[in-house]
Amino acid sequence: MAGSLDELKFRDPVKARALADALRREVELVGRSPVSIMHVCGSHEQAIARFGLRAVFPPALDVIMGPGCPVCVTDTPEVDEAVALALQGVRVCTYGDMLRLPGTSRSLADAQAEGGRVEVVYSPVQAVELARRHPAEPVVFFASGFETTAVATAAVVLAGVPDNLSVLSSHKYVPAAMDLVADQEETAIEGFVAAGHAAAITGWGIFEPFAARTRTPVVVAGFEPLDVLAAVVELVRLLRLGRPEVVNCYPRCVSRDGNRPALEKLWRVFEVVPGNWRGIARIPRGNLELRPEWDRLNARRRFRIDTAAVGGAGRNVLAERCICGAIMSGLARPTGCALFGKECRPESPVGACMVSSEGSCRIWHVYGGPPDLRGVA
Amino acid sequence: MAVDRVSMKHGAGGRAMRSLIQDVFLRLAAPVDGIGLSALDDGAAIRVGDRWLVLTTDSHVVHPIFFPGGDIGRLSVCGTVNDLAMMGATEPLALTCAVILEEGFPRADLERIRDSILEACRESGAPIVTGDTKVMGRGEIDGIVLNTAGVALAERVVTDAGLRPGDRILVTGTVGDHGMAVMTRRHALGLEGDLRSDVAPLNGLVREALRAGGDEVVAMKDPTRGGLASVLHEMAGKGGVGIVLDEPAVPVNPEVRAAGEVLGIDPLVVANEGKAVLGVRAAAAGRVLAAIQAHPLGRRAAIVGTATAERPGQVILDTGLGRRMLAEPEGEPLPRIC
């Protein structure tokens, strides 16, 4: 019941129009074009595209999606590990989005078609249930997502898992995504909208050192259309005033310190390690890996994973034209890619951004292609 | 893009399925006096004297076989009765029923399915007049496959290509109920609440709509796989019009909306088995809506959109907060991760 009331409250068209008016005034007061801001979350892009908000953003405001899709930045060798395990006879379970993510020569869906046992789960709890149903077989949970889902993996690990279950972690760490963009020389990004669900766990305080170091304002936002609009208005206001501060526009879920029990669980199980993000770069604090004390659960320690066996099947000409890396870095748009909506579509994705429902290409495509309908009657 | 293997998306009712049918099966299309395979409509209509013989066939696979609100038996009768009704043939003369069973299939389940076939036949007034039974080895098929075909006579045929700019789009009730009920059960998502399939025969409701609207009902289609979004794309494409869909006007049950939010699946692309989408000339829209709402299956019917001359073949969604294009569904919607 509370849910449906909230929904009405945060999808009120009258309030949306008032916020759109406020946004137009703020952007006019800044007096430059374009004003470029970035969000780093597929769910924010979902909300913007889903509700057609780009049709009400002022033309001078550029709202860009950055590396906010953990599935998209999962690197080819990580997929290869899962594919190799599946083809070695291990039962591999993972989230639905990971199934069609391209590896060097195959996706997990391809491995499944070749006889590998690959199953989709919706939570780590289902991975545990799967392992319990097949006690005589090795089962690997190919875990992906930012802190939000890493906490769920951690909770399951700490609750105790069956001996036959291992974890292959490709979890990613959100603060690294913003560092990456802010430190790019070519970046035009003047402010960030931070993901409310990740901040609910880490707390908004985690962004203060970032804002101070990069002199860039950060606004934490929720995922309803009014949340997004209100956060964008606040961010442009901070830009206009030249105040590189952190403002929490999602106080109903996010506190300064975050969810301490969840954080405590997260850091008991995971540690931050360097990792390659697909198409972007090696990110010094990009990945979350199981701590050494959990080696007995770590698929990378328990199995000899022969990724050489699933590598190199000739060069993929289409993939060489994919610009997912530039898109995720905020330097290009999906519509700037020659493959978008043509060779690269959800049913035959070339790049990772078209695979995941959190990827910007997929979102733009699902919600009707180029999202700017300002010119539509 | 040519693919050398059939995959699940080719059966999901979206663009992939349409291109497979066009690439492979359309070559079977032969000229007929009426509406044949090349129209890719819900069924065929052959001119016989001054009337139309309407016929259709449909194979049914569903997992799970029994789901909240129905089962594969009810689904197989309603699917065929509804395909006939969408052509304007609301008085089914006869149905056939062919069943393929997997070795080991429980007899009690089969009898339960037979009973719900019977029940749906009574509701729709469609008698089953012939059938066929085959058994395949264990593992060769998944439990049970049902095929039904149906025939009916109609005075006038309604296609899905008749929209003109200015026409109104009606849906006969809430969208997304069937697919969401089956999906949450299939993936064992354990969502609470009353998610129930809407599977029902629509011929009685369509009869009332046609009685009220006559020739001014110009397009009909049932939004099964691919949901309302897929039907609107088809109607826009075949009619050479654009469609503006007023999202806040689309009836959606709160349970379906909530499940959609949790799973990241838009009820507009989710299957229905007891709903119809009608294109009606603007002057008759109110009259047809009232007739549909007076029918027990149409109480929540609504006018949800308008056909436009701009952007032919495309569907624009007015969300109430902004506007965007509504994409044509590609394949089976899958729940997202985070």
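From first to last, the protein sequence lines stand for chains B and H.
In terms of the working numbering, the first sequence opens at residue 1 and continues consecutively.
In terms of the working numbering, the second sequence opens at residue 378 and continues consecutively.
From the three backbone atoms N, C-alpha and C, an ideal C-beta is built for every residue, glycine too.
Compare the Cα-Cα distances from residue i to each of the options and report the closest residue.
{"i": "H/ASP410", "options": "H/MET463, H/ILE518, H/ASP427 and H/ASP419", "result": "H/ASP427"}
{"i": "B/GLY287", "options": "B/THR74, B/ALA16, B/GLY68 and B/MET38", "result": "Position check: residue 287 of chain B holds Asn in this sequence, whereas Gly was assumed. Taking only the C-alpha atoms, the option nearest B/ASN287 is B/THR74."}
{"i": "B/THR153", "options": "B/MET178, B/VAL121, B/VAL181 and B/PRO175", "result": "B/VAL121"}
{"i": "B/LEU290", "options": "B/TRP277, B/ARG304, B/ILE283 and B/ARG268", "result": "B/ARG268"}
{"i": "B/CYS249", "options": "B/PHE270, B/ASN259 and B/GLY222", "result": "B/GLY222"}
{"i": "B/GLU190", "options": "B/ARG240, B/ILE48 and B/ARG302", "result": "B/ARG240"}
{"i": "B/LEU180", "options": "B/ASP80, B/ARG50, B/SER33 and B/SER329", "result": "B/SER329"}
{"i": "H/PRO706", "options": "B/TYR367, B/SER43 and B/LEU331", "result": "B/TYR367"}
{"i": "H/GLY637", "options": "H/ALA565, H/PRO483 and H/THR561", "result": "H/THR561"}
{"i": "B/GLU343", "options": "B/LEU318, B/CYS324 and B/ALA352", "result": "B/LEU318"}
{"i": "B/PRO13", "options": "B/PRO284, B/ARG302, B/LEU226 and B/VAL247", "result": "B/LEU226"}
{"i": "H/VAL583", "options": "H/LYS652, H/CYS498 and H/ALA704", "result": "H/LYS652"}
{"i": "B/VAL56", "options": "B/VAL232, B/VAL30, B/ARG132 and B/PRO77", "result": "B/VAL232"}
{"i": "H/LEU703", "options": "H/VAL665, H/GLY603, H/GLY663 and H/ARG634", "result": "H/GLY603"}
{"i": "B/GLY145", "options": "B/GLU186, B/THR335 and B/GLY359", "result": "B/GLY359"}
{"i": "B/ARG132", "options": "B/VAL156, B/PRO175, B/ASP306 and B/ASN164", "result": "B/ASN164"}
{"i": "H/PRO483", "options": "H/ASP519, H/ILE412 and H/HIS387", "result": "H/ASP519"}
{"i": "B/ALA113", "options": "B/VAL83, B/PRO135 and B/VAL125", "result": "B/VAL83"}
Determine whether the Cβ of residue i lies closer than 8 Å to any Cβ atom of chain H.
{"i": "B/LEU382", "result": "Nothing about residue 382 of chain B can be reported from this structure: the residues present for chain B run from 1 to 377 only."}
{"i": "B/VAL366", "result": "yes"}
{"i": "B/TYR122", "result": "yes"}
{"i": "B/ARG362", "result": "no"}
{"i": "B/PRO349", "result": "no"}
{"i": "B/PHE270", "result": "no"}
{"i": "B/VAL56", "result": "yes"}
{"i": "B/PHE357", "result": "Residue 357 of chain B is actually Ser in this sequence, not Phe. Closer than 8 Å: yes."}
{"i": "B/PRO225", "result": "yes"}
{"i": "B/GLY116", "result": "no"}
{"i": "B/PRO162", "result": "no"}
{"i": "B/ARG132", "result": "no"}
{"i": "B/LEU53", "result": "yes"}
{"i": "B/PRO175", "result": "no"}
{"i": "B/ALA377", "result": "For B/ALA377, the predicted model reports a pLDDT of 41, less than 50, meaning its position is unreliable; a value from the coordinates is still stated below. Judged by the 8 Å Cβ criterion, B/ALA377 is in contact with chain H."}
Taking Cβ positions only, does residue i come closer than 8 Å to chain B?
{"i": "H/GLY543", "result": "no"}
{"i": "H/GLY697", "result": "yes"}
{"i": "H/GLY641", "result": "yes"}
{"i": "H/ALA471", "result": "no"}
{"i": "H/HIS440", "result": "no"}
{"i": "H/MET734", "result": "A query on residue 734 of chain H cannot be resolved here, the shown segment of chain H reaching from 378 to 715 and no further."}
{"i": "H/HIS564", "result": "yes"}
{"i": "H/CYS715", "result": "Any reading at H/CYS715 needs caution, since the residue's pLDDT is 38, under 50, leaving its predicted position unreliable; the model's value is listed next. True, the Cβ-Cβ gap to chain B drops below 8 Å."}
{"i": "H/LEU572", "result": "no"}
{"i": "H/ALA704", "result": "yes"}
{"i": "H/ALA626", "result": "no"}
Helix, strand or coil: which one does DSSP assign to residue i?
{"i": "B/GLY3", "result": "With a pLDDT of only 43 at B/GLY3, under the threshold of 50, the placement of this residue in the model should not be trusted; the figure read from the coordinates follows. If DSSP states are grouped into helix, strand and coil, B/GLY3 belongs with the helices."}
{"i": "H/ASP623", "result": "strand"}
{"i": "B/VAL342", "result": "In the sequence on display, residue 342 of chain B carries Lys and not Val. Note: B/LYS342 maps to coil in three-state DSSP."}
{"i": "H/CYS455", "result": "helix"}
{"i": "H/SER493", "result": "helix"}
{"i": "H/MET463", "result": "helix"}
{"i": "B/SER123", "result": "coil"}
{"i": "H/CYS498", "result": "helix"}
{"i": "B/GLU271", "result": "strand"}
{"i": "B/GLY242", "result": "coil"}
{"i": "B/SER329", "result": "coil"}
{"i": "H/ARG392", "result": "helix"}
{"i": "B/GLU289", "result": "strand"}
{"i": "H/VAL431", "result": "strand"}
{"i": "H/ASP486", "result": "helix"}
Name the DSSP beta bridge partners of residue i, please?
{"i": "H/PRO469", "result": "H/ALA529"}
{"i": "H/HIS437", "result": "H/LEU523"}
{"i": "B/TRP277", "result": "B/ALA281"}
{"i": "B/LEU130", "result": "The partner list for B/LEU130 (beta bridge, DSSP) is empty, contrary to what the question assumes."}
{"i": "H/ILE693", "result": "H/VAL621 and H/MET702"}
{"i": "B/ASN298", "result": "B/VAL167"}
{"i": "H/MET513", "result": "H/GLU479"}
{"i": "H/VAL507", "result": "Note that residue 507 of chain H corresponds to Thr in the displayed sequence, not to Val. H/THR473, per the DSSP bridge assignment."}
{"i": "H/GLY411", "result": "H/ILE423"}
Problem - beta strand (DSSP E) runs wholly inside the segment 54–97 of chain B, at least 3 long, in chain order - result: Whole beta strand (DSSP E) segments, 3+ residues: 61–65 and 91–94.
Handout entry: beta strand (DSSP E) segments (min. 3 residues) lying fully within the segment 568–617 of chain H
Key = Correct list: 594–598.
Exercise for the section: At 3 residues or longer, and completely inside the segment 145–196 of chain B: list those beta strand (DSSP E) runs for me, N to C. Expected result: Listed in chain order, they are 165–172 and 191–195.
Practice task
Can you check the segment 14–58 of chain B for any alpha helix (DSSP H) of at least 4 residues that lies completely inside it and give the ranges in chain order?
Solution key: Counting whole runs of 4 or more residues, the segment 14–58 of chain B contains the alpha helix (DSSP H) stretches 42–50.
Practice task
Report the residue ranges of all alpha helix (DSSP H) runs contained in full by the segment 649–694 of chain H; include only those spanning at least 4 residues, in chain order.
Solution key: Runs found: 659–670.
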